[in-house]
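This report concerns only the one structure given below.
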Amino acid sequence: MAQGTALAKGARITAGVLCLLFFFWTAYWLAVDVGEFGVVGVWDSWTGSRAPGTNQVTDPVQLGFCLLQLTAAGAAFAGRRSAGGLLAVATTVTFATALQALISVGNHTSDDRWFRNAETGTATFDGVFLSSLPLFLLTLVAGVVLLAGMRSWPRQAPSEPPARPAKAAGVIGGLTLGAMALGYVAYQLYLLVQYGTDALTLLYLGKGALSSLLALAPGWYAVVFLLLTAIAGITCLTRGCAARGLALGLAVALLPNAVLSVVSFLNTDAFAEMTKSTPGLSVIICAQLALDLFGSLALGALMVRGEPVAPAWQPPSPAMAFAAPGFVPVPAAPPPAGWQQPGPPLMPRSAAPRCRPASRPCRPASRSPRRAGSARRSTDARNAAKTAVTGPRAGDRRLPYVRTAEAG
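According to UniProt numbering, the sequence shown is numbered sequentially starting from 1.
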């Protein structure tokens, strides 16, 4: 039977509850932005029609993360076999967001600015920082739960087998995710070659380049998704049990940002300006955007259905013990002295009467032995006395006794 791994039920439910808390946290800040700038204002900032507002919290990346967190929590509570991979991706991107917020919001001041348009001392600014610390700790707890909750399959108790992608879907999905990973590598190498090590703070921490309070630095974003796509691609090629969940999680996380980025490029001339100033970077970004958009759609179509690693498993029945080849049984010990095998059981006594020879009539067997013996002795005594008077009869065999009686 094929082997696999699956997330235990307790770990799945616990991670689902934590992921639901992640969703509430992200959805709350989305609601704050909508309440502050309105639906139209938030949409315009996401599509590039206007610059983000002061202390705007979210961006299109956070929209994808919010959908991913909700999808992962729903899959965990519904007992989907892809829940493990979805929870892993959701926990990773939430960890990246919380860590980025702790660094950027925690270090931003009026003199040392990390954001383009953020003001300190406001309820929104302070709330993002104060809520990021417990969120960061919860992501660590969720990661430990997911790692500790992995169990090998089959188990002792009967259970449904984990699912893996089909053979063709695994190969296509693995190649697609591998191309995405190569795009993130090319993006980072290009920036490091063009700007050198002096741009490390800007590239990986986002100092001075962040447009919203929960925005990820471009290099940090590329590192996180490089790791996720590389792991998911290898898992798909090997048809691992977590491949479907990882691929679906990446598709949900990347698709909203890719769609809104395409809309932004179509509404503005930002892409044309970038092509003139940095043609190499524009080619890399365009290729990466196409991979994120069409690759996410392809992954969703390929990984939505899987196949079980083996038929439904039932616990094996205990097998009979057979002697090993060449086994010679030890002879039994001889019986002790004086022992013999018991014979057949005795037949019960018959209740029929015991009969004498045909010359005499039968007497019932109910007569007691004692009375029968005394009657026999009295008969013999009478016969002896009669013989002593009349003499022995011819043919009497008790002549010595008679002679003795006559002599006396």
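No residue lacks a Cβ here, since even glycine has one placed at the ideal position from N, Cα and C. All of these numbers come straight from a predicted model, not from anything done at the bench.
Going straight from the alpha carbon of R305 to that of S82, what length do you get?
-> Taking the first residue of the sequence shown as position 1, residue 305 is located at position 305. Taking the first residue of the sequence shown as position 1, residue 82 is located at position 82. Between R305 and S82, the C-alpha separation is close to 10 Å.
Those runs of the alpha helix (DSSP H) which lie wholly inside the segment 61 to 109 and span at least 4 residues | 83 to 107
Proximity to I284 [Cα-Cα], best of A31, L30, Y221, V185 | For this step, residue 284 is matched to residue 284 along the sequence shown. Checked all of A31, L30, Y221, V185; the closest Cα to I284 is V185.
K207 and W114 closer than 8 Å at C-beta = Walking along the sequence shown from the start, residue 207 turns up at place 207. Walking along the sequence shown from the start, residue 114 turns up at place 114. Contact flag set, yes.
T176 - DSSP class collapsed to helix/strand/coil | Residue numbering aside, residue 176 sits at position 176 when the sequence shown is read from its first letter. Note: T176 maps to helix in three-state DSSP.
R151 to A11 span [Cα, whole Å] | Taking the sequence shown and counting its residues from 1, the one referred to as residue 151 is at position 151. Taking the sequence shown and counting its residues from 1, the one referred to as residue 11 is at position 11. The alpha-carbon atoms of R151 and A11 are separated by roughly 10 Å.
Supposed close pair P218, L67 - CB separation, criterion 8 Å | In the sequence shown, the residue the question calls residue 218 occupies position 218. In the sequence shown, the residue the question calls residue 67 occupies position 67. About 22 Å separates the two Cβ atoms, so there is no contact after all.
Expressed to the nearest angstrom, what Euclidean distance is found between the alpha-carbon atoms of S213 and D44?
-> Here residue 213 is taken as the residue at index 213 of the sequence shown, counted from 1. Here residue 44 is taken as the residue at index 44 of the sequence shown, counted from 1. Reading the sequence as shown, one finds Leu at residue 213 and not Ser. L213 and D44: Cα-Cα distance of roughly 17 Å.
Classify R403 as buried or exposed, calling it buried when 16 or more other Cβ atoms lie within 10 Å of its own Cβ.
-> By one-based count along the sequence shown, residue 403 stands at place 403. Any reading at R403 needs caution, since the residue's pLDDT is 46, under 50, leaving its predicted position unreliable; the model's value is listed next. R403 is exposed by the Cβ-count criterion.
Please specify which runs of the alpha helix (DSSP H), each continuous and at least 4 residues long, are wholly inside the segment 188 to 239, giving them in chain order.
-> 218 to 237
Is G295 closer than 8 Å to L237 when the C-beta atoms are compared?
-> Walking along the sequence shown from the start, residue 237 turns up at place 237. Walking along the sequence shown from the start, residue 295 turns up at place 295. It is not a contact, given that the beta carbons lie outside the stated cut-off.
Roughly how many angstroms separate the alpha carbons of G16 and A72, rounded to a whole number?
-> Here residue 16 refers to the residue found at position 16 when the sequence shown is read from its first residue. Here residue 72 refers to the residue found at position 72 when the sequence shown is read from its first residue. For G16 and A72, the distance between alpha carbons rounds to 7 Å.
Use the C-beta contact count for R244: other C-beta atoms within 10 angstroms, 16 or more gives buried, fewer gives exposed.
-> Counting from one through the sequence shown, the residue named residue 244 turns up at place 244. R244 should be labelled buried.
Under 8 Å between C-beta atoms of L248 and D292 | On the sequence shown, position 248 is the one that residue 248 refers to. On the sequence shown, position 292 is the one that residue 292 refers to. It is not a contact, given that the beta carbons lie outside the stated cut-off.
Can the beta-carbon of A88 be found closer than 8 Å to that of F22?
-> Stepping through the sequence shown from its first residue, residue 88 is reached at position 88. Stepping through the sequence shown from its first residue, residue 22 is reached at position 22. No, these two residues do not count as a Cβ contact at 8 Å.
Under a Cβ-count criterion, where at least 16 other Cβ atoms within 10 Å of its own Cβ denotes burial, should P52 be classed as buried or exposed?
-> For this step, residue 52 is matched to residue 52 along the sequence shown. P52 is buried by the Cβ-count criterion.
State the beta-bridge partners of S152 as determined by DSSP.
-> Translated into the one-based positions of the sequence shown, residue 152 becomes position 152. BP columns for S152 point to T5.
When the Cα atoms are used, what is the spatial distance from V79 to P279?
-> The sequence position of residue 79 within the sequence shown is 79, counting from 1. The sequence position of residue 279 within the sequence shown is 279, counting from 1. A small fix is needed here, since residue 79 is Gly in this sequence, not Val. One C-alpha to the other measures close to 47 Å.
Candidates S132, F129, A96, of which the one nearest L205 by Cα | Taking the first residue of the sequence shown as 1, we reach residue 205 at position 205. The candidate whose alpha carbon is nearest that of L205 is A96.
Which of helix, strand or coil does DSSP assign to P308?
-> Within the sequence shown, numbered from 1, the residue matching residue 308 stands at position 308. Strand, per DSSP.
Go through its chain and collect everything with a Cβ distance to G38's Cβ below 7 Å, but skip five positions before and after it.
-> Position 38 of the sequence shown, counting from 1, holds the residue named residue 38. No residues qualify anywhere along the chain.
Kindly list the residues whose CB is nearer than 8 Å to the CB of L177, restricted to its own chain and excluding five residues on each side of it in sequence; keep chain order.
-> As a first step, residue 177 is located in the sequence shown; it is residue number 177 there, counting from the start. Answer for L177: T229, A230, A232, G233, C236, A247, L250, G295, L299, listed in chain order.
C-alpha distance - L200 paired with T109, whole-angstrom precision | Taking the first residue of the sequence shown as position 1, residue 200 is located at position 200. Taking the first residue of the sequence shown as position 1, residue 109 is located at position 109. For L200 and T109, the distance between alpha carbons rounds to 20 Å.
Determine the burial state of R164: buried for a count of at least 16 other Cβ atoms within 10 Å of its Cβ, exposed for fewer.
-> Walking along the sequence shown from the start, residue 164 turns up at place 164. Answer is buried; the Cβ neighbour count reaches 16.
Between Y187, L302, Q56, M303, which lies nearest to A118 when the distance is taken from Cα to Cα?
-> What you label residue 118 is simply residue 118 of the sequence shown in a count that begins at 1. Among Y187, L302, Q56, M303, the Cα nearest to that of A118 is on Q56.
Span of the alpha helix (DSSP H), counted from its first residue to its last, around A118 | Here residue 118 corresponds to residue number 118 of the sequence shown, with the count starting at 1. Segment: none, A118 is in no alpha helix (DSSP H) and carries neither H nor E.
Quick one: measure Cβ to Cβ for S211 and R116, integer angstroms, because I've assumed they're closer than 8 Å.
-> By 1-based counting over the sequence shown, the position of residue 211 is 211. By 1-based counting over the sequence shown, the position of residue 116 is 116. Between R116 and S211 the Cβ distance is about 6 Å, and since that is below 8 Å, they are a contact.
Is A27 helix, strand or coil by DSSP?
-> Taking the first residue of the sequence shown as 1, we reach residue 27 at position 27. Looking at A27 - three-state DSSP - the assignment turns out to be helix.
Beta-bridge partners of R164, as assigned by DSSP | Mapped onto the sequence shown, residue 164 falls at position 164. According to DSSP, R164 bridges with E307.
What's the call for P400, buried or exposed, on a 16-neighbour Cβ count within 10 Å?
-> Taking the sequence shown and counting its residues from 1, one reaches residue 400 at position 400. Interpretation of P400 is limited by its pLDDT of 48, a score under 50 that renders its predicted location unreliable; the figure taken from the coordinates is listed afterwards. P400 should be labelled exposed.
Among the residues of its own chain, which have a CB less than 7 Å from the CB of V34, if the five just before and after it don't count?
-> In the sequence shown, counting from the first residue as 1, residue 34 sits at position 34. Once the five neighbours on either side are set aside, the close Cβ partners of V34 are V42.
Please determine, among T94, R239, L20, the residue with the shortest C-alpha to C-alpha distance to A168.
-> On the sequence shown, position 168 is the one that residue 168 refers to. The candidate whose alpha carbon is nearest that of A168 is R239.
Since I believe A242 is in contact with G85 (beta carbons under 8 Å), could you give me their beta-carbon distance rounded to a whole number of angstroms?
-> For the purposes of this step, residue 85 is identified with residue 85 of the sequence shown, where counting begins at 1. For the purposes of this step, residue 242 is identified with residue 242 of the sequence shown, where counting begins at 1. Rounded, the Cβ-Cβ distance is 4 Å, consistent with contact.
Indicate whether T47 and V263 have their beta-carbon atoms separated by less than 8 Å.
-> The residue labelled residue 47 in the question sits at position 47 within the sequence shown. The residue labelled residue 263 in the question sits at position 263 within the sequence shown. Yes.
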